[in-house]
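Protein chains in written order, with this note's numbering: chain P, 231 to 360; chain H, 3 to 99; chain S, 52 to 170. Below is one structure, written out as structure tokens; comments come after it.
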């Protein structure tokens, strides 16, 4: 079966950790993960600048590792990202901001990618809030 | 089309559970995750509403365990593989974000 | 055949970007010609209240975005009657034409859609 996952809260939220564990279980059970779409505060997951305390679980790093290992299509909503200060090189240049903090494997794109994944998947499962 | 409703907010501080119960059909189910598992507190008002709603109730085992909530024969506790399977047992998943 | 989506918007208009971002999902779906409908529930019904003056708190008036919904093909807008009543809002005084739904009607509404997103 094909899954699409949407993440609405940042990496330090329990919801993000649950989303990651769910994504891992999807693959472990032999299902397909079409896309993970990051929206609202979920865009912070893609920030290269997240520094997690030593005694806390680094979910952002775990997301990154998971996406790279399984070549997951990880898309971050550009409008939500800009609003929250998560920019890649191109956007940092375009808006003349001093730093880019979104790099590979994350991709900036529009809500169309969320809709496309929702249309193609057998299930869209969203995680957010707390 | 049946819906699996996923909740993750505490029912004591939040309206999501009561709104969910208002909108749910009898073919639907609820999965409690995160702080929403506090709805399993025995003798509580949320548990009373939940248990009288006549719908299947599931909970993430790790969240119930983390909060030392007692086991409940009416509620199946799931691990993540079980969670994935549950999403396939219903036609769609609606998370109350 | 395209899957239909119901977006349930539960946040008050200026409780952060959530209301705007829920609308953006609807508008994007409409722009791609997907069958999208919206339900305003709980504090989300405040988005439809008339005579609001968001510039008093330097917030964006969502009315323009809301009014764009039918232009993008999102013309099925629902509002929860119980949520309106609880907040003392009358259906007649809403800024946008939305169909009021009783709880029973809402229970029959969700099964009609292939996808539901609740923000």
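All residues carry an ideal CB built from backbone N, CA and C; glycine is no exception.
Cα-Cα separation between residue i and residue j, rounded to whole angstroms
i, j, result
"residue 68(S)", "residue 313(P)", "9 Å"
"residue 80(H)", "residue 87(H)", "10 Å"
"residue 119(S)", "residue 66(S)", "21 Å"
"residue 24(H)", "residue 158(S)", "7 Å"
"residue 48(H)", "residue 60(H)", "14 Å"
"residue 359(P)", "residue 291(P)", "20 Å"
"residue 126(S)", "residue 80(S)", "12 Å"
"residue 170(S)", "residue 8(H)", "12 Å"
"residue 184(S)", "residue 241(P)", "With chain S covering only 52 through 170, there is no way to say anything about residue 184(S)."
"residue 55(H)", "residue 85(H)", "21 Å"
"residue 51(H)", "residue 45(H)", "10 Å"
"residue 4(H)", "residue 324(P)", "46 Å"
"residue 168(S)", "residue 356(P)", "8 Å"
"residue 91(H)", "residue 137(S)", "35 Å"
"residue 256(P)", "residue 145(S)", "43 Å"
"residue 260(P)", "residue 83(H)", "11 Å"
"residue 286(P)", "residue 279(P)", "16 Å"
"residue 151(S)", "residue 283(P)", "48 Å"
"residue 67(H)", "residue 113(S)", "43 Å"
"residue 352(P)", "residue 78(H)", "24 Å"
"residue 320(P)", "residue 130(S)", "41 Å"
"residue 265(P)", "residue 58(H)", "29 Å"
"residue 327(P)", "residue 123(S)", "33 Å"
"residue 322(P)", "residue 52(S)", "39 Å"
"residue 300(P)", "residue 132(S)", "46 Å"
"residue 354(P)", "residue 341(P)", "14 Å"
"residue 111(S)", "residue 98(H)", "25 Å"
"residue 156(S)", "residue 142(S)", "16 Å"
"residue 187(P)", "residue 86(S)", "Any property of residue 187(P) remains undetermined from this structure, which presents chain P solely from 231 to 360."
"residue 109(S)", "residue 164(S)", "36 Å"
"residue 244(P)", "residue 89(H)", "19 Å"
"residue 96(S)", "residue 239(P)", "23 Å"
"residue 350(P)", "residue 74(H)", "37 Å"
"residue 61(S)", "residue 6(H)", "18 Å"
"residue 58(S)", "residue 329(P)", "35 Å"
"residue 258(P)", "residue 252(P)", "10 Å"
"residue 72(H)", "residue 296(P)", "34 Å"
"residue 29(H)", "residue 22(H)", "13 Å"
"residue 56(S)", "residue 318(P)", "31 Å"
"residue 54(S)", "residue 93(H)", "12 Å"
Spatially closest choice to residue i from the options, by CA coordinates
i, options, result
"residue 33(H)", "45(H), 18(H), 70(H)", "18(H)"
"residue 154(S)", "148(S), 77(S), 147(S), 134(S)", "134(S)"
"residue 162(S)", "57(H), 68(H), 7(H), 27(H)", "27(H)"
"residue 70(H)", "43(H), 95(H), 50(H), 90(H)", "43(H)"
"residue 250(P)", "235(P), 260(P), 349(P)", "235(P)"
"residue 94(S)", "63(S), 108(S), 117(S), 151(S)", "63(S)"
"residue 77(S)", "116(S), 131(S), 96(S)", "116(S)"
"residue 316(P)", "244(P), 260(P), 274(P), 248(P)", "274(P)"
"residue 289(P)", "321(P), 327(P), 349(P), 237(P)", "237(P)"
"residue 140(S)", "53(S), 56(S), 99(S), 58(S)", "99(S)"
"residue 149(S)", "108(S), 156(S), 90(S), 109(S)", "90(S)"
"residue 121(S)", "164(S), 132(S), 88(S)", "88(S)"
"residue 386(P)", "6(H), 62(H), 93(H), 73(H)", "One cannot answer for residue 386(P) here, as it falls past the ends of chain P, which runs 231 to 360."
Residue burial classification, residue i (beta-carbon count within 10 angstroms, cutoff 16)
i, result
"residue 294(P)", "buried"
"residue 298(P)", "exposed"
"residue 281(P)", "exposed"
"residue 95(H)", "buried"
"residue 345(P)", "buried"
"residue 65(H)", "buried"
"residue 20(H)", "exposed"
Nearest-angstrom beta carbon gap, residue j and residue i [assumed within contact, 8 Å]
i, j, result
"residue 366(P)", "residue 232(P)", "Outside the displayed range of chain P (231 to 360) lies residue 366(P), so it cannot be described from this structure."
"residue 53(H)", "residue 76(H)", "6 Å"
"residue 331(P)", "residue 246(P)", "Not really, about 17 Å apart at Cβ, beyond 8 Å."
"residue 348(P)", "residue 166(S)", "6 Å"
"residue 128(S)", "residue 147(S)", "7 Å"
Counting Cβ pairs closer than 8 Å, one from the segment 102 to 110 of chain S and one from the segment 72 to 82 of chain S, do we hit at least three? No, the segment 102 to 110 of chain S does not touch the segment 72 to 82 of chain S.
Pairs of beta-carbons, one from the segment 262 to 272 of chain P and one from the segment 307 to 327 of chain P, closer than 8 Å: are there three or more? yes
Quick one: any contact between the segment 29 to 44 of chain H and the segment 9 to 16 of chain H, if contact means 3 or more CB pairs under 8 Å? yes
Can at least three beta-carbon pairs, one atom from the segment 326 to 336 of chain P and one from the segment 297 to 306 of chain P, be found at a separation below 8 Å? yes
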